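Chains as they are written, first to last, in our numbering: chain W, 7 to 208; chain F, 3 to 246; chain Y, 450 to 808. The structure appears below as structure tokens.
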Amino acid sequence: MSRIMKKKSMKYEIIFSGFGGQGVLFVGNLIALAGMYQGFNVSFLPVYGPEMRGGTCHCTVLLSDKEIASPLVYEPGYLVIFNLPSFLKFIPRLKRGGLALVNKDLVKVEEIEHYETLCANKKILWLPLNTWAEAIGMPLALNLCALGALNKLLGLFPEEILIKALREMLGKEKLPLLEANLKAYRKGFEEVEAYESSLTKS
Amino acid sequence: MSQLFRFPQSLKKTLFHYCPGCHHSLIHRLLCEVIDELGIREKTVGIASIGCSCFLYFYIDVDIVEAPHGRACSAATGIKRARPDLLVFTYQGDGDFAAIGLGDSLHSASRGEKFTVLMINNTLYGMTGGQVSPTTPLCQKTTTTPLGRDPQVHGYPMKIAEMLGNFEGVALSARVAVNNPKRVLSAKEVLKKAFLYQREAKGFTYVEFLSACPVNWKMDPLSATKYVDKLTEIFPLGTFKDIG
Amino acid sequence: MRNKRVLVKGVEAVALGALEGGCECYFGYPITPQNEIPEIMSVELPPRGGVFLQAESETSAINMVLGASAVGTRVMTSSSSPGISLMSEGFSYLIALELPCVIVNVMRGGPGLGGIEASQGDYFQAVKAPGHGDGKFLVFAPYSCQEAYELTAKAFELADKYRNPVMILSDAILGQMKEPLELKPLKIKKISKEGWALTGAKNRPARVIRSLFLDSAELAKRNLTLLRKYQKMEREIRFEKMAEGGEKVLVVAFGSMARICKEAVLNLRAKGYEVGFFRPITLFPYPKKALAELVSSQKIKKIIVFELNCGQMVEDVALSLKGMGKLISKSYPPSVIPFPEDLEREIKKCLNSSDFPRV
């Protein structure tokens, strides 16, 4: 067996989960596309119910510097959770030491039974995604807020790569929405940035 | 001196396998005469369907492909869409066109596919031994309606030419017969018109031939030919749509 | 110049491959999970002078394919399991009439209406009996978007080469997942059909394409001719293997399942477990010889076949191995898609079971 590849490989396994209509598949697709432009091997696997809107849906995105074999992963290293059912479904599957970004506006700790055991050895970052999105006047763009936060934490790709991917995803018809989406992305990014610097100060 | 009669160039010089008194051979000949007169033999493709006429290619000297039972109109659609320059005909019985293939047939007509259908209506399944078909008249005895077609059990005969007359995609829908010389000549004119319309890409062209099946009607050839007259009372001859 | 890289779904890769392979006509009927294929073809074919037509049913679609193939065009259809069943009479005719075409089956769960999740339940149907009678397809099972693109394009050339339908057997995982595809130009040969296509009997005798042979000797001869053709198709056998010696267990899988298996195998190998991997890319003809040679030359003791069905390909593996090694079937009926972690556990169990020392 070849052991030449001594370098630690870079692999990000991310599951996005929420209601249909929260832009879960869009943001998953977007991060995969931006990842591809950044030079990663990527895969994007959507899973959704028969409902076009309102049902639960999730997607698995893998970014790796090596060939990706399975597009499915049971224990992801990262979760982006938009609602309570997704929290209950995926937190138990998060890797030990894994990180979950959770939408504080729709997931309330007091509503979760055995919260402590459920989240033991897992990092949970509570983000008021709906509040952020509403604050910038883009209540539907909480997915981009989440992406901004995630990319600030992981440093997957620079903003110009995101813009390139976003342009392609929006296409000609929806291109006028580019600025608004970018605003939401920056909101998430900057909020986490501010949070991180407050941590270093204190 | 002009030549009044000759063997059609598109008809192969071989013996027909059809039963005595069957009208297939006559209709084959008419088809070949029309192909010759229009000079289209070299760009015609025919579809042989399932039934007594599945051996069409033994007699008609043009390129021919066989289609599964009922699917002739779909195969013709594929050909005509892929090669609109070819002239395409299907040769189908009432079982093939109106029973198992009715969906394919009506959708092709509805889409206005530019090919020609020769539908040989002998009111039953000839090749399999004379079972009831969608066009079997009421009271007619067949091997699967031994007491005669009962509308309460087997429903009513379908009038396809009339039905197609209501389709917007149809350019020509007519019913003809070949049981007397006058009708033979007029049938040929209708068939020729159908091919002309096809050549002009006017739409779906459908010619239904009332055709005798003496063996399964359990008649001698002469009585069967006369019986076609009686059939015209249920299936009137005429043109039900002609966009001109 | 670097080739363009795009992020596409498996079904989109199939459609792009078809265009690269010179597809001129598409006929089909909507069914989940493959609707992106007709949708792309409806946009892409007409501007290229090609034909796109949505038929009124799968039975009509496959017979439109028959017509377009008979006049010599490169033609395809795509569907998913229930629709493929409806086409099977047409498949038999296409094989019998020796009409080339490409058929894509993005498998979903069955039987009956089943579900829309991934499945490999149509393996038998694809490789054993696509229609009535003794007919066979050349069957490819891609496992990545790149392979889906390249094999679909190649399928058009091979269909023409053998004058036989070629099936791309995929499933809802590969169909619906996205990954990068390098849109490289492929060298797909054009094969002349002047010798048999129906183009009008000009300057040649009229041609007949038929499958009815009432003379029994003639029909037997016809079948033997077709059989020899299927044997010739063995030249097209493709597979992927990973076993350099010392492997105790060999994992065999195809399509999407092979990807999940490969992940498990790579993880185990990285941890020092002696596990090999064999992936048939051609499902008919099956790479029997290659598989048997691998097992005998590497003295592999156990062979595990993973499938997303109730156990189908395992029979071809058994036929290939003729009793060599211990054969284990691990089947996952449709909608229960295992994770690589689950497969790792299964493989370890086999490695650890009584007739082997613990690893």
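Beta carbons: idealized from backbone N, C-alpha and C, even for Gly. None of these values were measured; they are calculated from a predicted model.
Helix, strand or coil for W/S8 per DSSP? Low per-residue confidence applies at W/S8: pLDDT is 42, beneath 50, and the placement is therefore not dependable enough to give any value.
For Y/I637, collect the residues of the same chain with a Cβ closer than 8 angstroms to its Cβ; drop the 5 residues on either side in sequence, then sort them by chain order. E469, G470, G471, A602, K603, F605 and E606
Indicate the three-state DSSP secondary structure (helix, strand or coil) for F/H19 in the structure shown. Per DSSP, reduced to three states, the secondary structure at F/H19 is coil, with no helix or strand assignment.
Any C-beta of chain Y sitting closer than 8 angstroms to the C-beta of F/E44? yes
Is it buried or exposed, Y/Q680, if we count other Cβ atoms within 10 angstroms and call 16 or more buried? exposed
Beta-bridge partners of W/W132, as assigned by DSSP: Checking the DSSP bridge columns, you'll see W/W132 partnered with W/V108.
If we count the other Cβ atoms within 10 Å of its Cβ and call it buried at 16 or more, is W/M6 buried or exposed? Within the shown structure, residues of chain W are numbered from 7 to 208, placing residue 6 of chain W beyond reach of any answer.
Would you grab the beta carbon distance between F/T125 and F/T137 for me? Rounded to a whole angstrom, and I think it's under 8 angstroms. 5 angstroms
W/N109 and W/L150: beta carbons closer than 8 angstroms? no
Roughly how far, in whole angstroms, is the beta-carbon of Y/Q569 from the beta-carbon of Y/S529, given that I think they are within contact range, below 8 angstroms? With a Cβ gap of about 13 angstroms, Y/Q569 and Y/S529 do not count as contacting.
Should W/V48 and W/L69 be called a contact, given that it needs their Cβ atoms to be closer than 8 angstroms? yes
Cutoff 6 angstroms; reference Y/K775; Cβ partners in own chain excluding five residues on either side: K751
Cut-off 6 angstroms between Cβ atoms - residues of its own chain near F/V230, not counting five sequence neighbours on either side: A179, N181, L212 and A214
Pick out whichever of Y/L543, Y/G582 and Y/K711 has its Cα sitting closest to the Cα of Y/P787. Y/K711
Specify, as a first and last residue, the run of the alpha helix (DSSP H) that Y/F476 falls within. Taken as a continuous stretch (DSSP letters only), Y/F476 belongs to no alpha helix (DSSP H), being part of the beta strand (DSSP E) at C474 to G477.
So with CB distances below 9 angstroms, who are the chain Y contacts of F/C56? R659 and L661
Short check: CB of Y/L715 to CB of Y/V744, under 8 angstroms? no
Measuring alpha carbon to alpha carbon, tell me which of F/R73, F/K116 and F/H109 ends up nearest F/V90. F/K116
Does Y/N452 get closer than 8 angstroms to chain F when you measure Cβ to Cβ? no
Looking at the strands, I want to know which residues DSSP matches up with Y/M762. BP columns for Y/M762 are empty, so no partner.
Since W/R173 and W/L156 are thought to touch, with beta carbons under 8 angstroms apart, how far apart are those beta carbons, to the nearest angstrom? Between W/L156 and W/R173 the Cβ distance is about 20 angstroms, and since that is not below 8 angstroms, they are no contact.
Of all Cβ atoms in chain Y, is any one closer than 8 angstroms to the Cβ of W/E81? yes
Assign Y/H581 to one of two classes, buried (16 or more other C-beta atoms within 10 Å of its C-beta) or exposed (fewer than that). exposed
Measure from the C-beta of Y/P629 to each C-beta in chain W and report whether the shortest distance is under 8 angstroms. yes
Consult DSSP for F/N181 and reduce its assignment to one of helix, strand or coil. coil
If distances are taken between C-alpha atoms only, which option among F/A226, F/P86 and F/L149 comes closest to F/A203? Taking F/A203 as reference, the option from F/A226, F/P86 and F/L149 with the minimal CA-CA separation is F/P86.
In the DSSP assignment, the alpha helix (DSSP H) including W/M42 goes from what residue to what residue? That run of the alpha helix (DSSP H) goes V30 to Q44.
Please work out which residues of its chain come closer than 8 angstroms, Cβ to Cβ, to Y/Q574, disregarding the five sequence neighbours upstream and downstream, and give them in chain order. I533, S534 and S537
Per-residue DSSP class, three states only, for F/Q200: helix
Between which two residues does the alpha helix (DSSP H) harbouring F/D231 extend? P223 to I236
According to the Cβ coordinates, are Y/C594 and Y/G704 closer than 8 angstroms? no
Residue-chain proximity (W/F50, chain Y), Cβ-Cβ < 8 angstroms: yes
Which runs of the beta strand (DSSP E), 3 residues or longer, sit entirely within the region 144–179 of chain F? 172–179
Y/R401: first and last residue of the uninterrupted alpha helix (DSSP H) it sits in: Since the first residue of chain Y shown is 450 and the last is 808, residue 401 of chain Y is not available in this structure.
For F/S112, is the beta carbon positioned less than 7 angstroms from some heavy atom of the ligand PLP? For the ligand PLP, the structure offers nothing, since it holds no ligand at all.
Excluding sequence positions up to five away, which residues of its chain have a Cβ less than 7 angstroms from the Cβ of Y/S784? G558, G564 and E566
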